[in-house]
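With the working numbering, letter number 62 in the sequence shown gets 62, and the count goes up by one each step, no holes. Don't be surprised by glycine CBs; every beta carbon is placed ideally from N, CA and C. No experiment lies behind these values; they were computed from the predicted model shown. Quick notes on the structure that follows.
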Amino acid sequence: MPGKLILSDEEWKRRLSPEQYQVLRHHGTERPFTGCFLGTKDPGTYVCAACGNPLFRSGEKFESGTGWPSFTRPVSEEALTEIEDRSYGMARTEVRCARCEGHLGHVFPDGPPPTGLRYCMNSAAMTHVPEGEAIRLVER
1 MPGKLILSDE EWKRRLSPEQ YQVLRHHGTE RPFTGCFLGT KDPGTYVCAA CGNPLFRSGE
61 KFESGTGWPS FTRPVSEEAL TEIEDRSYGM ARTEVRCARC EGHLGHVFPD GPPPTGLRYC
121 MNSAAMTHVP EGEAIRLVER
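In structure tokens:
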């Protein structure tokens with residue numbers, strides 16, 4: 001994986017939409033059933049909206065009924081960072097982009113086989129690169 005992308009808060013504000021900034025940089029969550037990728041089935045790869053890091057392949061996406069796009073596994077173990085999250089009186093695992101440390105969502109142990117995992121992601125934290133198109137990483 002390419003090196004980390006570390007920018008100032010002001011630079012992130014300039015590069016991201018207000019919703020992307022709130023989700024990715026301030027650990028926000030979009031309202032359930034509102035994200036643009038909730039019902040999509042288009043082949044391709046979901047990448048980090050902040051840095052272009054490949055996160056999930058469309059074939060790993062499934063309908064969880066939770067109101068957020070859900071995936072069974074990332075493109076690679078190196079794509080994500082998982083961090084213990086005890087906010088709001090809950091114990092859960094936060095998922096961040098390993099390249100820019102942007103907040104993507106959470107992972108839960110209640111997904112379908114074969115992994116048994118449900119990566120519950122915010123649409124605002126991702127963009128979709130259609131199958132056959134080049135994935136472009138964002139540089140400084």
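Closest to residue i by CA distance: which of the options is it?
i      : options                          : result
Ser70  : Ser8, Ala50, Ile135 and Leu55    : Leu55
His27  : Glu139, Val138, Pro113 and Thr93 : Thr93
His128 : Arg73, Ala49 and Ser64           : Ala49
Leu24  : Gly3, Asp9, Glu133 and Pro112    : Asp9
Would you report the Cα separation of residue i and residue j, rounded to the nearest angstrom?
i      : j      : result
Arg31  : Asn122 : 9 angstroms
Glu131 : Arg57  : 9 angstroms
Phe29  : Arg86  : A quick correction: the sequence has Thr, not Phe, at residue 29. Straight-line Cα distance between these residues: approximately 15 angstroms.
Asp110 : Arg14  : 37 angstroms
Thr34  : Thr66  : 11 angstroms
Glu11  : Cys51  : 12 angstroms
Glu82  : Val95  : 5 angstroms
Phe108 : Phe62  : 14 angstroms
Leu5   : Gly89  : 31 angstroms
Ala158 : Pro114 : Any question about residue 158 goes unanswered here, given that the chain covers just 1 to 140.
Pro43  : Asn53  : 17 angstroms
Leu7   : Ala91  : 29 angstroms
Gly102 : Tyr46  : 14 angstroms
Glu78  : Leu137 : 15 angstroms
List the whole-angstrom C-beta distance separating residue i from residue j, where the pair is believed to meet the contact cut-off of C-beta under 8 angstroms.
i     : j      : result
Ala98 : Leu117 : Actually they are not in contact, since the Cβ atoms of Ala98 and Leu117 sit about 17 angstroms apart, beyond 8 angstroms.
Trp68 : Leu38  : 7 angstroms
Return the chain-ordered list of same chain residues with a C-beta closer than 7 angstroms to the C-beta of residue i, the five sequence neighbours on each side being excluded.
i      : result
Glu84  : Thr93
Gln22  : Gly28
Pro112 : Phe62 and Thr72
Among the residues of its own chain, which have a CB less than 6 angstroms from the CB of residue i, if the five just before and after it don't count?
i      : result
Cys100 : Leu5, Ala50 and Cys51
Glu19  : Ala124
Leaving aside the five residues before and after residue i along the sequence, list all residues of the same chain whose C-beta is less than 8 angstroms from its C-beta, in chain order.
i     : result
Leu16 : Leu24, Arg25, Ala49 and Ala50
Residue i: buried (16+ other C-beta within 10 angstroms of its C-beta) or exposed?
i      : result
Cys120 : buried
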